[in-house]
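As structure tokens, the structure follows; a few thoughts come after it.
Numbering (my numbering), first residue to last: 57 to 209.
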């Protein structure tokens with residue numbers, strides 16, 4: 057992708073941002089993710105700021121946030137301290153992270169069920185915990201099918 061993004065690339069970037077912001081991804085980070093998806097190789101903060109029209113500090117914060125979500129990876133440039141960013145190619149990492157959170161949430165909900173003042177609240181908490189465990193299992197099954205399918209290719 058060139059320094060100046062095309063109209064189609066800008067539209068794609070904005071469309072990705074519109075999809076991710078309702079999930080709580082900040083708009084700048086969501087736009088950066090859309091941009092990185094189209095980049096054939098890692099890009100510098102300078103390239104990001106020029107292409108997206110954002111400040112370097114905003115680009116840096118957004119890139120680090122995407123790293124924490126396991127959606128982007130930081131690369132080093134030999135001989136410099138400059139960081140380069142690219143979309144992460146470990147698609148399963150974010151799901152594994154979410155699965156750990158689902159386990160923790162299910163455990164906390166079960167703990168709440170033990171101390172709930174009413175049977176209704178306790179039952180609701182246990183049902184929620186069961187739901188999150190089922191969802192976790194479904195995501196693990198889907199990841200296993202994905203991994204098996206990729207090995208066959």
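Think of the CB as a built atom: it goes at the ideal place given N, C-alpha and C, for glycine as much as any other residue.
Under DSSP, the beta-bridge partners assigned to residue 129 are 142. Contiguous alpha helix (DSSP H) elements confined to the region 74-107 occur at 83-94, taking only those with 4 or more residues.
According to the DSSP assignment, residue 203 belongs to the alpha helix (DSSP H) that extends over 175-208. Excluding its 5 nearest sequence neighbours in each direction, residue 161 has C-beta neighbours in its own chain below 7 angstroms: 188, listed in chain order. Counted as a single uninterrupted DSSP element, the alpha helix (DSSP H) harbouring residue 162 occupies residues 148-171.
Your pair residue 126 and residue 149 checks out as a contact, with CB atoms roughly 4 angstroms apart and the cut at 8 angstroms. With 16 or more other Cβ atoms inside 10 Å of its own Cβ, residue 87 counts as buried.
The Cβ atoms of residue 184 and residue 158 lie no closer than 8 angstroms to each other.
In this structure, DSSP gives residue 111 a state outside helix and strand, which the three-state scheme calls coil. A distance of 8 angstroms or more separates the beta carbons of residue 144 and residue 118. Per DSSP, reduced to three states, the secondary structure at residue 69 is helical.
Here residue 105 has 111, 112, 115 as same chain residues with Cβ atoms under 7 angstroms from its own Cβ, once five neighbours each way along the sequence are excluded.
Distance from the CA atom of residue 139 to the CA atom of residue 79, rounded to whole angstroms, is 27 angstroms.
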